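Right, one structure below, let's go through it.
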Amino acid sequence: MGPGRRIPRPPATKPSMPEAPADAGDTPTQILKAAGDLVALSGQIRECKVCNASGSIVSGTGSPRAPVMLLKAFPSAADLESGGAFTDEADALTKAFEALGIPIGWTYGTTAARVAAADDTQEAIAHGVGHLVVEIEAVGPRVIVAFGPEASNALSQLNGRCGLEVPDPLPAAELVRVRTDLHVLVTEPLPEGVTNKEAKRRLWRDLQIVPSILAE
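Numbering (the working numbering), first residue to last: 2 to 217.
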């Protein structure tokens, strides 16, 4: 089995989970509106000269109304080729969430910046946070899992927007409430979190916190 494919064993006691997203208060109208907002955002990103400088854009992937949002700082080469976030990490993260009793269909994955990591990484992230806040409001997650300090920094830049109170820096490996309806969990950066042995252990430890907030 290749790197990034293995995860630790499931916890001995399977966590209790909430109803599926579509049955947890979202009406068909809300879901359709979220999907429409995300399509409109994708069009804005496509028209953005900074985001589309290379001729390739990366859109968020997953349920348009998901209780779990996954956020990494930059798209990978595979993301840029496929046009969707988390292309490289999808298999490993799917196995991890399913081991926790969380279907991958309950997640939405995106990137803080829409261009590949380069020398001017902070400018790329600063430009991308305007798109990110639109995604957060459309998807309405209960928890955002931020992979690494650069993704964490992107969230900190949202402090004061849409009622968000985001500390800078965000502490790692613990749930932080940033709004009455939203928590953030900062964990290992990618791809190390699904390829490096010790980082995978820390990521798995952190992800086991997620069911507790979903079960509220």
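Cβ coordinates follow ideal geometry from the N, Cα and C atoms, glycine included.
In this text, all values refer to a predicted model and were calculated from it rather than measured experimentally.
Uninterrupted beta strand (DSSP E) stretches inside the segment 155-188 (no shorter than 3 residues): 176-180 and 183-188
Beta-bridge pairing of residue 112 - partner residues as DSSP gives them: Numbered from its first residue, the sequence shown carries residue 112 at position 111. For residue 112, which the question treats as bridged, DSSP gives the partners 73.
Sub-7 Å separation of residue 111 and residue 156 beta-carbons: As a first step, residue 111 is located in the sequence shown; it is residue number 110 there, counting from the start. As a first step, residue 156 is located in the sequence shown; it is residue number 155 there, counting from the start. Not closer than 7 Å, so no.
Whole-angstrom distance between residue 151 and residue 127, CA atom to CA atom: Against the sequence shown, residue 127 aligns to sequence position 126. Against the sequence shown, residue 151 aligns to sequence position 150. In a straight line, the C-alpha of residue 127 is about 11 Å away from that of residue 151.
Same chain, Cβ closer than 6 Å to residue 95, neighbours up to 5 away in sequence not counted: As a working mapping, residue 95 is identified with position 94 in the sequence shown. Counting only Cβ-Cβ distances below 6 Å, and skipping sequence neighbours, we find 105.
Inter-stretch contact at 8 Å, needing at least 3 Cβ pairs: the segment 77-85 / the segment 135-148: no
Residue 42 and residue 135 closer than 7 Å at C-beta: Here residue 42 corresponds to residue number 41 of the sequence shown, with the count starting at 1. Here residue 135 corresponds to residue number 134 of the sequence shown, with the count starting at 1. In contact: residue 42 and residue 135 (Cβ atoms closer than 7 Å).
Nearest candidate by alpha-carbon position, reference residue 81, set 133, 99 and 47: The residue you call residue 81 lines up with position 80 of the sequence shown. Among 133, 99 and 47, the Cα nearest to that of residue 81 belongs to 47.
Inter-residue CB distance, residue 87 and residue 62 (contact presumed, cutoff 8 Å): By 1-based counting over the sequence shown, the position of residue 87 is 86. By 1-based counting over the sequence shown, the position of residue 62 is 61. 7 Å between Cβ atoms; contact.
Option nearest residue 159 by Cα separation, candidates 90, 32 and 129: Position 158 of the sequence shown, counted from the first residue, corresponds to residue 159. Comparing Cα positions, the closest option is 129.
Straight-line gap, residue 18 to residue 84 (C-alpha atoms, nearest Å): Within the sequence shown, numbered from 1, the residue matching residue 18 stands at position 17. Within the sequence shown, numbered from 1, the residue matching residue 84 stands at position 83. Note that residue 18 scores 46 on pLDDT, short of 50, meaning its location in the model is unreliable; the coordinates nonetheless yield the value given after this. For residue 18 and residue 84, the distance between alpha carbons rounds to 31 Å.
For residue 147, the residue or residues it bridges with in DSSP: Here residue 147 refers to the residue found at position 146 of the sequence shown. Looking at the DSSP assignment, residue 147 forms a beta bridge with 72 and 187.
Extent of the continuous alpha helix (DSSP H) run through residue 194: As a position in the sequence shown, residue 194 is number 193, starting the count at 1. Start and end: 193-196.
Residues of its chain near residue 176, where Cβ-Cβ distance is below 8 Å and the 5 sequence neighbours each way are ignored: Sequence index remark: in the sequence shown, residue 176 carries index 175 (1-based). Answer for residue 176: 144, 184, 185, 186, 210, 213 and 214, listed in chain order.
Which residues DSSP lists as bridging residue 60, in chain order: In the sequence shown, counting from the first residue as 1, residue 60 sits at position 59. DSSP, once it has assigned bridges, lists 85 as partnering residue 60.
Environment of residue 138 [buried if 16+ CB atoms lie within 10 Å]: For this step, residue 138 is matched to residue 137 along the sequence shown. Burial call: exposed.
Cβ-based burial, residue 59 [other Cβ within 10 Å; buried from 16]: Here residue 59 refers to the residue found at position 58 of the sequence shown. Residue 59 is buried by the Cβ-count criterion.
Same chain only: Cβ atoms within 6 Å of residue 15, ignoring 5 sequence neighbours per side: For the purposes of this step, residue 15 is identified with residue 14 of the sequence shown, where counting begins at 1. In this predicted model, residue 15 has a pLDDT of only 49, less than 50, meaning its place in the structure is not dependable; the value taken from the coordinates is given anyway. Once the five neighbours on either side are set aside, the close Cβ partners of residue 15 are 102.
Presumed contact (8 Å Cβ cut-off) between residue 108 and residue 67, rounded CB distance: Position 107 of the sequence shown, counting from 1, holds the residue named residue 108. Position 66 of the sequence shown, counting from 1, holds the residue named residue 67. With 8 Å as the limit, residue 108 and residue 67 qualify as a contact, their Cβ atoms being about 5 Å apart.
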